[in-house]
Structure formats: structure tokens, C-alpha cells
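Everything on this sheet refers to the single structure shown next.
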Amino acid sequence: MLVIVNPNNPTGSVLSTDWIYRFASTHPDKLLVVDESFIEFSCEDSLISRLKAAPLSNVLLIKSLSKSLGVPGIRIGYLYTSNSDFNRFISKIIPIWNANTIAEYFLELLLRHKPSLEESFQKTIDDRNQFSKELGQLEVVDKIFPSDGNFFLASLMMDAKLGPKFSQEMLLKYNRLYRKRIPCFI
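Put into C-alpha cells, the structure is as follows:
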């Protein structure tokens, strides 16, 4: 089994949908689990359209809507596969009531407000790009890694004298707080 998180967390790197599909096609004996929880913030399209057009039984596509929509308490997502054995297995073990009322209502709202949702994804992409550009200008930032997620990875030069200055700049300029004890993943 191979698990691909696309875009990757925490790096934000993304593999092309074509590459993933070709890999799965040329390795039919390998189970490929693809997590596309952050795909809306990427330049790549979801693999699901490709799988619907030309199914591959060795691919399980999973998607958490909670992550991309910023609603972790809703706990909603889906799994897509054309693997009939896997679908039969899941059908036997999944509870009859596998989604709560709030999550179902949330899905109805999403469908009604799809254009607003797409605008929100684009705004998040623009904000990520602008914030990473501005953050990259700070002297404590060694490198900002390119990202196709709603986050990015930064390498910081943190010595004793720069730490407080960075924390102050982050708080005053960006309303973000940096704590030295936690990994710097923004």
C-alpha cells in the first residue's frame, strides 16, 4: 500500500494528477490511497474526475471536507473507489447513521453556496501567497517553501536574539504568535 497526501502536509508540495493516475495504472497490484483534503488550494484538479472516466480498482481516494473548509468539528468527508470488493466490505461495517444531522445540513448549505465557496478558496490562495511573500522578507526567515495547500512551511533562523524580535513582528504585523517550543509550520 502507498499513501499519497496531495498536496502534502506539511510541505505543501503537490504531485500532478496525471502522474498519480499513471503510477496507479502501471502498478495495478499496489493499493494506492490518495488523500486530497487540501486539493482546492492547489493548481491540480482532483483525481476523482479521472477515476470516474477511467476507473482503477486499486485506488482509494479520500477527502476530508473539514480541513479545507476550516470546520474540524463537523467531521465530514468521503471515500471514492471503483473497487467493488472494498465497497462491499465498507457497506457491511459502516453504521446505518454514518453522518450526523449537523454535517448533513452543512452539506446542503455548501451545495447552495458553491460559488461563494470557490471564491473563498481563491481568497485563501491569494492570502497564502501574499503572506508567504511578506513573511519571506523578514530577516529571521531562511526559506519559504512553495505550497499548494492552505498553509506553507517556513525555515527560520532562530537564535536567542532574533526569537523575541520575530515574535513581536508576527504578533504586531500579522496577528500571529510564534512559540519556540512548537514546530514553525504556518
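Under the UniProt record's numbering, residues 1 to 186 are what the sequence shown spells out, in order. All C-beta atoms in this analysis are idealised placements derived from N, C-alpha and C, irrespective of residue type, glycine included. These numbers were taken from a predicted model, which means no experiment stands behind them.
Identity of the residue in the options nearest residue i by Cα
i, options, result
"Ser116", "Leu69, Glu139, Lys52, Ser25", "Leu69"
"Asn98", "Ser84, Ser120, Ile74", "Ile74"
"Glu36", "Asp45, Lys30, Asp29, Pro28", "Asp45"
"Thr124", "Leu2, Thr26, Lys30, Phe151", "Phe151"
"Ala103", "Val5, Asp29, Val71, Ala54", "Val71"
Pair within 8 angstroms by beta-carbon distance, residue i and residue j
i, j, result
"Val141", "Leu153", "no"
"Ser57", "Asn83", "yes"
"Glu108", "Leu138", "no"
"Leu47", "Met1", "no"
Cβ-based neighbour list, residue i, same chain, cut-off 6 angstroms, excluding 5 preceding and 5 following
i, result
"residue 191", "Absent from the model: residue 191. The displayed extent of the chain is 1 to 186, so no value can be given."
"Lys143", "Ser155"
"Pro7", "Val14, Phe38, Ser42, Asp148, Gly149"
"Tyr78", "Lys63"
"Val33", "Val3, Leu60"
"Thr81", "Leu60"
"Tyr174", "none"
Residues near residue i in its chain [Cβ-Cβ closer than 7 angstroms; skip 5 each side]
i, result
"Glu118", "none"
"Pro183", "The predicted model places Pro183 with a pLDDT of 45, which falls under 50 and marks its position as unreliable; any figure quoted below should be read in that light. So the list is empty, once near-sequence residues are dropped."
"Phe121", "Glu40, Phe41"
Straight-line Cα distance separating residue j from residue i
i, j, result
"Ser66", "Phe106", "11 angstroms"
"Thr17", "Phe23", "10 angstroms"
"Arg176", "Glu134", "13 angstroms"
"Ile20", "Glu40", "17 angstroms"
"Lys52", "Ser25", "14 angstroms"
"Ile76", "Ser132", "29 angstroms"
"Leu172", "Pro164", "12 angstroms"
"Ala54", "Asn100", "32 angstroms"
"Arg128", "Val5", "19 angstroms"
"Ile94", "Phe145", "39 angstroms"
"Asp126", "Asp29", "40 angstroms"
Distance cut-off 7 angstroms: residue i Cβ against heavy atoms of the ligand ATP
i, result
"Pro146", "What this structure holds is no ligand at all, so the ligand ATP is not there to describe."
Return the chain-ordered ranges of every beta strand (DSSP E) run that is complete within the stretch 27-101 and spans a minimum of 3 residues. 32-35, 59-64, 77-80
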